[in-house]
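Novice: Chains as they are written, first to last, in full-length UniProt numbering: chain A, 1 to 515; chain B, 1 to 206.
Backbone N, C-alpha and C fix where the C-beta goes; we use that ideal spot for every residue, glycine too.
Below you'll find the structure I mean.
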Ligand SMILES: Nc1nc2c(ncn2[C@@H]2O[C@H](COP(=O)(O)OP(=O)(O)O)[C@@H](O)[C@H]2O)c(=O)[nH]1
Ligand SMILES: [Mg+2]
């Protein structure tokens with residue numbers, strides 16, 4: 001269904017990568033420099049509405065150039081406003097927006113609460129910035145006053161501690177990109193993004209239609225993601241145009257994913273901190289390294305990650321698990337195939353990496369840890385949220401013990417809404433990495449669990465397929481599920497589990513029974 | 001079944017992405033429309049207390065993500081629903097053509113025993129748009145609803161609060177009727193389940 005119009009634009013590609021190359025030549029290009037140079041160019045021009053019809057080559061080059069320039073303006077505007085100078089931070093108190101352009105208050109957070117918290121948090125941010133500067137100096141990495149480092153110290157306990165306490169906002173994009181090995185990606189793929197932009201400029205298909213529907217539903221609470229109305233004329237926001245391009249290019253670059261709702265949130269937030277091309281590659285890295293399978297067409301990755309989270313809950317927060325688990329047998333693993341209803345609340349925790357789940361500053365702190373510590377950070381933060389909710393959840397269950405339908409609904413709402421009030425990012429992170437029993441959870445453990453869940457699920461699916469060929473009714477299917485992976489040990493720690501051996505023998509026995 | 005138990009009506013809203021499911025639910029529950037709703041990921045849930053003919057009920061409305069792939073999330077919460085609302089956008093022909101597959105998908109995932117008698121309500125949303133933007137006529141919609149088993153049909157605007165109240169009133173009544181008709185058969189399946197539970201425990205020697 002692609003109504004793609006392609007035309008060769010070799011000059012365009014070269015022209016743009018030239019500009020990048022210039023900045024690359026002296027040890028990685030700094031965006032701040034890049035913007036500074038561009039700022040001297042033409043003043044902010046309003047951009048034409050997106051072209052869908054075939055354009056002549058010159059037209060298309062012009063429109064591309066134009067929109068890039070205005071994008072750079074927007075980014076430098078956000079870039080400037082997130083500089084953590086005390087007077088800038090204080091100015092937020094007088095505004096109804098935060099430093100990224102998001103509305104401070106919403107249904108869950110009152111503006112007074114935000115301001116009270118911000119008064120303390122902004123001082124904390126200034127202190128942390130000074131510490132980061134010292135850390136950088138100690139490692140021989142000089143940072144210009146308004147610049148951002150393109151290199152960071154080697155991995156260490158100390159650096160991890162710094163990351164957990166928050167990366168300075170104005171360095172965030174660079175730090176994320178550096179930790180995620182974005183520069184390698186960029187180096188291996190010179191010019192690829194520009195080519196994709198060209199190829200997708202006039203592309204219309206199912207993916208691009210879905211993207212159009214979501215652009216304005218990404219960050220309606222952020223000024224930069226809303227159209228601009230001036231003198232009665234409405235113009236599309238440059239940042240939305242950028243978001244469109246990044247998502248379209250991604251859908252073309254990764255056809256097994258195409259466009260999946262929630263990618264808009266991830267790409268959108270990346271664009272607040274990174275320029276277009278690096279945001280694109282970061283999105284690629286997120287989907288292939290940090291959250292593999294999560295956005296693929298069958299979303300099996302979501303089910304797998306949810307399964308791992310359920311295993312973690314059972315292990316670390318048994319009281320919470322007892323409320324979430326719907327199966328009546330405590331050592332039954334059927335929840336890995338048919339996830340508990342309440343796990344639906346946590347879908348977006350993985351798919352959107354907490355965007356829209358936690359307040360924005362808190363989300364950013366999670367992202368800092370994610371890009372430095374891998375996906376285990378998502379599980380640790382999820383567990384922390386449940387740990388913080390545990391008293392309320394138990395309380396509710398005592399009050400509602402007589403009525404299951406109401407209980408699970410109210411629990412669902414609690415899990416859905418409570419995170420939106422977690423402004424105090426420091427408290428969340430401290431609980432997560434200092435006080436909790438899962439603060440030492442390792443990436444290796446998570447990977448083991450994942451392997452286990454993947455195997456269990458695929459075996460189960462296989463069995464179902466084989467059985468349904470000979471005909472199996474609902475009751476039989478349920479029975480199979482109950483018995484499929486009934487674990488023999490009552491107390492099985494995540495670590496002590498013999499992941500594959502036990503499962504295999506179990507499955508063999510069941511298969512014999514079926515035969 | 002105990003009589004003191006509060007009646008809970010479980011309602012699922014389905015339809016293509018962007019047809020206005022979230023907006024309809026918000027309009028019905030909070031009485032307002034906003035351009036500020038974000039795209040729904042996974043599922044959202046809102047409760048509303050209602051009185052239907054002197055009977056106190058709590059309606060649990062489940063809003064879903066419309067993108068097709070979200071169906072792979074093994075939509076466990078469809079189970080036990082009392083009514084399903086199928087929404088399309090009158091300015092989007094494809095969303096209308098997909099109604100039947102949303103219905104089928106629901107019947108399979110929710111494991112409905114008696115599909116012919118399960119209550120669906122169809123809503124054509126966004127009727128506030130200019131006449132020339134409307135692509136699906138009332139007549140066409142009505143005839144489809146008739147062919148799908150005489151499903152009740154409403155045309156609404158979540159934006160201007162047109163007909164939303166009326167549509168959900170019918171949803172609630174149908175859901176209540178369904179819930180009441182199910183009480184007996186529910187008790188029956190519970191009994192069977194308990195029996196099977198005991199059985200599987202025994203055979204495993206746990
Ligand atoms: N004109 C008009 N627009 C609507 C109406 N209901 C929803 N919308 C818009 O349609 C888009 C999608 O709405 P949303 O409720 O998020 O759709 P969902 O994906 O089905 O949940 C949003 O931009 C809404 O503002 C309506 O009744 N009239
Ligand atoms: Mg929605």
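1) Compile a chain-ordered list of the residues in the segment 6-23 of chain B whose CB is closer than 7 angstroms to at least one CB of chain A.
2) So who's on the other strand from residue 62 of chain B, going by DSSP bridges?
3) Between the alpha carbons of residue 112 of chain B and residue 13 of chain B, how many angstroms are there, rounded?
4) Quick one: is residue 214 of chain A near chain B, going by C-beta distance under 9 angstroms?
5) Could you check if residue 465 of chain A is buried or exposed, using at least 16 other CB atoms within 10 Å of its CB as the buried criterion?
6) Since residue 344 of chain A and residue 77 of chain B should fall inside the 8 angstroms C-beta cutoff, what is the C-beta to C-beta distance between them, to a whole number of angstroms?
7) Check the DSSP bridge columns for residue 230 of chain A and list the partner residues they point to.
8) Report the neighbours of residue 72 of chain B on chain A: residues whose CB is nearer than 9 angstroms to its CB, in chain order.
9) Do we get a CB-CB distance below 9 angstroms when we pair residue 351 of chain A with the residues of chain B?
10) For residue 45 of chain B, return the contacting residues in chain E, with the cut-off set at a CB-CB distance below 9 angstroms.
11) What's the call for residue 124 of chain A, buried or exposed, on a 16-neighbour Cβ count within 10 Å?
12) Along chain A, which residues have their Cβ under 7 angstroms away from the Cβ of residue 77 of chain B?
13) If you draw a straight line from the alpha carbon of residue 340 of chain A to that of residue 347 of chain A, how long is it in whole angstroms?
14) Taking 9 angstroms as the threshold (C-beta atoms), are residue 127 of chain B and residue 93 of chain B in contact?
15) Who are the near neighbours of residue 305 of chain A in its chain, counting only those whose CB is closer than 6 angstroms to its CB and skipping five residues on each side?
16) Should the segment 23-33 of chain B be called in touch with the segment 192-206 of chain A, which here means at least 3 C-beta pairs below 8 angstroms?
17) Residues of the segment 127-154 of chain B with a CB closer than 8 angstroms to any CB of chain A: list them in chain order, please.
18) With respect to 8 angstroms, is the separation between the Cβ of residue 210 of chain A and the closest non-hydrogen atom of ligand 2 below this value?
19) Does the Cβ-Cβ distance between residue 397 of chain A and residue 407 of chain A come in under 9 angstroms?
20) Which same chain residues end up closer than 6 angstroms to residue 122 of chain A when comparing Cβ atoms and leaving out the 5 residues on each side of it in sequence?
21) Just jot down, in chain order, the residues whose CB lies closer than 7 angstroms to any heavy atom of ligand 2.
22) When we look at the beta-carbon of residue 96 of chain A and count the other beta-carbons within 10 Å, is it buried (16 or more) or exposed?
23) Taking buried to mean at least 16 other C-beta atoms within 10 Å of its own C-beta, is residue 161 of chain A buried or exposed?
24) Tell me which residues share the same chain as residue 223 of chain A and place their Cβ nearer than 7 angstroms to its Cβ, disregarding the 5 neighbours each side in the sequence.
25) On the three-pair Cβ rule with 8 angstroms, is the segment 239-248 of chain A touching the segment 259-268 of chain A?
26) Can you give, in chain order, each stretch of the alpha helix (DSSP H) that sits fully within the segment 97-171 of chain A and has at least 4 residues?
27) What does the alpha-carbon distance come out to for the pair residue 409 of chain A and residue 379 of chain A?
28) Name the DSSP bridge partner or partners of residue 7 of chain B?
29) List, in chain order, every chain B residue whose beta-carbon is nearer than 8 angstroms to that of residue 348 of chain A.
30) Ligand 4 and residue 199 of chain A: does the residue's C-beta get closer than 8 angstroms to at least one heavy atom of that ligand?
31) How about residue 378 of chain A: is its C-beta nearer than 9 angstroms to some C-beta of chain B?
32) Once the 5 residues before and after residue 84 of chain B are set aside, which same chain residues still bring their CB inside 7 angstroms of it?
33) Within the continuous beta strand (DSSP E) that includes residue 89 of chain B, where are the two ends?
34) Within its chain, find whatever has a CB closer than 6 angstroms to the CB of residue 108 of chain A; leave out the 5 residues flanking it on each side and keep chain order.
35) So residue 547 of chain A contacts chain B; which residues on that side make the cut at Cβ distance below 8 angstroms?
36) For chain A, find out if any of its Cβ atoms is closer than 9 angstroms to the Cβ of residue 110 of chain B; answer yes or no.
Specialist: According to the structure shown:
1) Those residues of the segment 6-23 of chain B that come within reach of chain A (Cβ to Cβ, closer than 7 angstroms) are 6, 8, 17 and 18.
2) Taking the second chain and counting its residues from 1, one reaches residue 62 of chain B at position 62. DSSP output for residue 62 of chain B lists B/12 and B/45 as bridge partner(s).
3) Counting from 1 along the second chain, the entry for residue 112 of chain B is found at position 112. Counting from 1 along the second chain, the entry for residue 13 of chain B is found at position 13. Distance between the alpha carbons of residue 112 of chain B and residue 13 of chain B: 16 angstroms.
4) In the first chain, the residue the question calls residue 214 of chain A occupies position 214. For residue 214 of chain A, a Cβ of chain B is located within less than 9 angstroms of the residue's own Cβ.
5) Residue mapping note: residue 465 of chain A aligns to position 465 of the first chain, counting from 1. An exposed status is given to residue 465 of chain A, since fewer than 16 other beta-carbon atoms sit within 10 Å of its beta-carbon.
6) Locating residue 344 of chain A in the first chain gives position 344, counting from the first residue. Locating residue 77 of chain B in the second chain gives position 77, counting from the first residue. Their Cβ separation, rounded to whole angstroms, is 6 angstroms, which keeps residue 344 of chain A and residue 77 of chain B in contact under 8 angstroms.
7) As a working note, residue 230 of chain A is residue 230 in the first chain. Bridge partners of residue 230 of chain A: A/233.
8) The sequence position of residue 72 of chain B within the second chain is 72, counting from 1. Neighbourhood of residue 72 of chain B in chain A, by CB distance below 9 angstroms: 297, 298, 299, 300, 302 and 303, in chain order.
9) Numbered from 1 along the first chain, position 351 holds the residue referred to as residue 351 of chain A. Output row for residue 351 of chain A: interface = yes.
10) The chain labelled as chain E is not found among the protein chains of the depicted structure, namely A and B.
11) Taking the first chain and counting its residues from 1, the one referred to as residue 124 of chain A is at position 124. So residue 124 of chain A counts as exposed.
12) What you label residue 77 of chain B is simply residue 77 of the second chain in a count that begins at 1. Chain-ordered, the chain A residues with CB closer than 7 angstroms to the CB of residue 77 of chain B read 341 and 344.
13) Start at 1 with the first residue of the first chain, and residue 340 of chain A comes out as number 340. Start at 1 with the first residue of the first chain, and residue 347 of chain A comes out as number 347. Roughly 12 angstroms between the two C-alpha positions.
14) Working through the second chain from its first residue, we reach residue 93 of chain B at position 93. Working through the second chain from its first residue, we reach residue 127 of chain B at position 127. Taking 9 angstroms as the Cβ cut-off, residue 93 of chain B and residue 127 of chain B do not qualify as a contacting pair.
15) To locate residue 305 of chain A, count along the first chain from 1; it is residue 305. These residues qualify, in order along the chain: 350.
16) Pairwise C-beta distances place the segment 23-33 of chain B out of contact with the segment 192-206 of chain A, as fewer than three of them are shorter than 8 angstroms.
17) Contacts with chain A (Cβ-Cβ distance below 8 angstroms) from the segment 127-154 of chain B involve no residue at all.
18) On the first chain, residue 210 of chain A is found 210 positions in, with the first residue counted as 1. Proximity of the beta carbon of residue 210 of chain A to ligand 2 is not indicated: no heavy atom of the ligand is located closer than 8 angstroms.
19) By one-based count along the first chain, residue 397 of chain A stands at place 397. By one-based count along the first chain, residue 407 of chain A stands at place 407. With respect to residue 407 of chain A, residue 397 of chain A sits close: the two C-beta atoms are nearer than 9 angstroms.
20) As a first step, residue 122 of chain A is located in the first chain; it is residue number 122 there, counting from the start. A distance below 6 angstroms between beta-carbons, with the five flanking residues on each side excluded, links residue 122 of chain A to the following residues of its chain, in chain order: 89.
21) In chain order, the qualifying residues are B/21, B/22, B/37, B/39, B/40, B/63, B/65 and B/66.
22) Translated into positions along the first chain, residue 96 of chain A becomes position 96. That one is exposed.
23) As a first step, residue 161 of chain A is located in the first chain; it is residue number 161 there, counting from the start. By the neighbour-count criterion, in which 16 or more other beta carbons inside 10 Å mark a residue as buried, residue 161 of chain A falls on the exposed side.
24) The sequence position of residue 223 of chain A within the first chain is 223, counting from 1. Closer than 7 angstroms at the Cβ level, and outside the excluded window around residue 223 of chain A, lie 97 and 101.
25) Using a Cβ-Cβ distance cut-off of 8 angstroms, the segment 239-248 of chain A and the segment 259-268 of chain A are in contact, since at least three pairs of beta carbons, one from each stretch, lie closer than that value.
26) Correct list: 111-138 and 157-164.
27) Position 409 of the first chain, counting from 1, holds the residue named residue 409 of chain A. Position 379 of the first chain, counting from 1, holds the residue named residue 379 of chain A. Whole-angstrom Cα-Cα distance: 23 angstroms.
28) Counting from 1 along the second chain, the entry for residue 7 of chain B is found at position 7. Partner residues in the beta bridge of residue 7 of chain B, as assigned by DSSP, are B/57.
29) Taking the first chain and counting its residues from 1, the one referred to as residue 348 of chain A is at position 348. Under the 8 angstroms cutoff, chain B gives 41 and 42.
30) Within the structure as shown, ligand 4 is missing, the only ligands being ligand 1 and ligand 2.
31) As a position in the first chain, residue 378 of chain A is number 378, starting the count at 1. Residue 378 of chain A does not count as touching chain B.
32) In the second chain, counting from the first residue as 1, residue 84 of chain B sits at position 84. These residues qualify, in order along the chain: 12, 14, 106 and 120.
33) Mapped onto the second chain, residue 89 of chain B falls at position 89. For residue 89 of chain B, the enclosing beta strand (DSSP E) has its first and last residue at 83-89.
34) For the purposes of this step, residue 108 of chain A is identified with residue 108 of the first chain, where counting begins at 1. Same-chain partners within the cutoff: 420 and 421.
35) A query on residue 547 of chain A cannot be resolved here, the shown segment of chain A reaching from 1 to 515 and no further.
36) Here residue 110 of chain B corresponds to residue number 110 of the second chain, with the count starting at 1. Not one chain A Cβ lies under 9 angstroms of residue 110 of chain B.
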